[in-house]
Each structure stands twice: as C-alpha cells, then as structure tokens.
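Visitor: Dropping a structure here in structure tokens format, bear with me for questions.
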Amino acid sequence: MLELLLFIAGCAVMVFGAVGIIRFPDVYTRLHASTKCDTGGALSILLALTAYTGITLTSIKILTIAVLIFLLNPVVSHALARTAHKRGIKPDKITVVDMYARDYP
Amino acid sequence: MSKMHFYLRERIDKIKAKVETELKYEKSLTKTQKIVLTCSVLSLYWIILSSSFEFFSVLIGLVVSLGISIFAYELFTKDIRSRGHLIEKILSFSLIYIPELIFIYLFRLIEANVNVAKHVIFMDIKPGIVKIKTDLRSDTGVTALANLITLTPGTLTVDVKETLEGNTLYVHWIDVKTFSSERAGDIIKGGLDKWLERIFW
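Read top to bottom, the protein sequences are chains S and P.
In terms of my numbering, the first sequence opens at residue 154 and continues consecutively.
In terms of my numbering, the second sequence opens at residue 935 and continues consecutively.
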C-alpha cells in the first residue's frame, strides 16, 4: 500500500515537472521545474522501489542511488543557472527583483 | 573627520570579532581521526557496491580504502567541527542529527512540492533573485547549505560570494514574498542553517 502511494505521488510530481518545463517563461523558472522532478519525483519513486523489495542488499543499493541523486542534482542545476547568468541571459519581464545583476553587473 | 574615525573603529571591531571566531573554530579533528573517518566511509561504500561479505573481498576493500585515505584524508574532513570524542560524534550524528534533518526537511519538501504544482497550474509566479546572508564560513558548510536550498523546490542558488561579514548567497526564488535580506533568509533557510552549524564551521 505504501509503495503504491509513493509511486503514484512520484509520477504525479514528474508530470507536473514536465508540464512546468513547457509552461514557465525563462531559463531559471524552467530549472525550478526540472529540479522539482528529481527531488520530489525520483526520490519518492526510488523509495517506493525500496519499500517494494524490502530490506535486502538491493534496496540498500537503490538507497545509494537516491543519495547520489540528492548530492548531484543541486550541483548541476546551480552550474546551469550560474552559467546562464554569466553568459548574459536575462530573466523574463515578470521578474520582480534581480539583486545579483545589480551587485555584480 | 570624527565620523570617519568612528567608522574605522567599527570596522576594526568587526575584523577583530571575525578573527576571534576563526581562532575559536580553528581546532579541527586530529590526523588519525580524519584517516579513520575517511577509511570507514570508503570501506562501507565498497561493501555496499560489491554486496558480498566474504572475508577476502572485505579485506581488499579495507586495505585499498586505507591506502586512499592516507593520501586523501584532508579532502572531505577538513571542515568538520571537533567537539567531543569521534565515536560520540558519529553516534550522535547517526542517531540524533540525521533523523532531525529528515524530520525538518520532509515537511518542507512536501509543502514546497504542493506549492510548485500550484504555480505550474495557475502560473501565479513572481520570480526574482534575492540575497541572503549566512554565518557559515567553511567551504563544505556553505556548499551543503546551498545544496539543501537548491533541493527545496521553489528556491535555486545562483551564486555564492564571500564578504567580510560572512558568505552571501544569491537565491532565485519563484515566489518572492519579501525583499528584505533577513526575513528572506528566515523563510528560505528555516532551521537548516542552525543544523549545519553543529557539524561544519
């Protein structure tokens, strides 16, 4: 029961992330959508697989994959956002404040 | 002239306070503790990856990770705060700190996921890059804080700059609630800052 619940929640979060990548206006907000996919969706799907297999060495390996996603995902999205800002890609018009461009133009 | 003088005195007091805190936190783990910590983490990872408890396999893993940790012990354990014995620290880390982090983080994660799903459906976003200050000084501590902020859906760390008062994080926030640096820090960081300060300096 728990694994089914986690699996459905993970799939729903993945669908919302995919819709967000299409609907959001600029690079930074789209990065939000893709980051949300990995943390909410992939982690809960992996936890559902762990709950399905029970406590074995396989489930510990799946948890290791979850820990690696937990470490690598923010590094990649941070690198993408910083490089986009350094290359001069402006945020969208609906952005209310950009203190980074004000401090380091 | 006198105004300039007071300004300079204030600045010098700030630098003195910073030097004192850095001297207080200078005490880190000893070399043996660093080697043992790195070696145990590496051999645990080897056992999980190889997934066999045979004597020969575990022995090879132990020897190789000891060899690696003699050369590379500074890499991961440089910024860990030394307080109490190492075994006590590991026990409190695995029994108190990690469940506390999971407890703090899980509710933030669920709430943020629901919020971003709402933003995707209704498109009522108000994005912006705000800056927040943190008291963490070491590289590993700031990296961990930036990673945890990025992992929370709705906030994304763009850059980290080091200033005299501490490190400044520039965070892209999908729904800007306040422009003030302190209140934005309270909302974005929550309890993560205080939690990380107990491990890294």
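A virtual CB, placed ideally from N, CA and C, is assigned to each residue, including glycine.
Any C-beta of chain S sitting closer than 8 Å to the C-beta of residue 1088 of chain P?
Guide: yes
Visitor: Ordered along the chain, which non-local residues of its own chain (more than five positions away) have a Cβ less than 8 Å from that of residue 1063 of chain P?
Guide: 1092, 1104, 1105, 1106 and 1107
Visitor: Would you grab the beta carbon distance between residue 999 of chain P and residue 977 of chain P for me? Rounded to a whole angstrom, and I think it's under 8 Å.
Guide: 4 Å
Visitor: Go ahead and label residue 241 of chain S buried or exposed: buried means 16 or more other beta carbons lie within 10 angstroms of its beta carbon, across all protein chains shown.
Guide: exposed
Visitor: Got a sec: is the Cβ-Cβ distance from residue 1113 of chain P to anything in chain S below 8 Å?
Guide: yes
Visitor: Starting from residue 1048 of chain P, trace the alpha helix (DSSP H) in both directions and tell me its first and last residue.
Guide: Per DSSP, residue 1048 of chain P belongs to the alpha helix (DSSP H) from 1032–1056.
Visitor: Can you name the residues of chain S whose CB is closer than 9 Å to the CB of residue 985 of chain P?
Guide: 210, 211, 213 and 214, listed in chain order.
Visitor: Kindly give me the distance between the Cβ atoms of residue 984 of chain P and residue 995 of chain P, rounded to whole angstroms, as I take these residues to be in contact under 8 Å.
Guide: 7 Å
Visitor: Per DSSP, residue 1062 of chain P is paired with what?
Guide: P/1107
Visitor: Leaving out five residues before and five after residue 1075 of chain P in sequence, what residues of the same chain have Cβ atoms less than 7 Å from its Cβ?
Guide: 1013, 1130, 1134 and 1135
Visitor: Between residue 1084 of chain P and chain S, is the shortest Cβ-Cβ distance under 8 Å, so that the two count as touching?
Guide: yes
Visitor: Would you call the region 190–200 of chain S in contact with the region 241–257 of chain S, where contact means no fewer than 3 C-beta pairs closer than 8 Å?
Guide: no
Visitor: Assuming residue 176 of chain S contacts residue 1054 of chain P (C-beta within less than 8 Å), just tell me the rounded distance between them.
Guide: Contact between residue 176 of chain S and residue 1054 of chain P holds: CB atoms are separated by about 6 Å, below the 8 Å threshold.
Visitor: Cβ atoms of residue 1124 of chain P and residue 185 of chain S: under 8 Å apart, would you say?
Guide: no
Visitor: For the beta strand (DSSP E) holding residue 1095 of chain P, just list the boundary residues, first then last.
Guide: Unbroken beta strand (DSSP E) run through residue 1095 of chain P: 1089–1096.
Visitor: So, for residue 1044 of chain P: in the same chain, excluding its five sequence neighbours on each side, which residues have a beta-carbon less than 8 Å away from its beta-carbon?
Guide: none
Visitor: Beta carbon of residue 1115 of chain P, beta carbon of residue 1065 of chain P: below 8 Å?
Guide: Yes; because the gap between Cβ atoms is below 8 Å, this pair is in contact.
Visitor: What residue does the alpha helix (DSSP H) around residue 970 of chain P start on, and which one ends it?
Guide: 965–984
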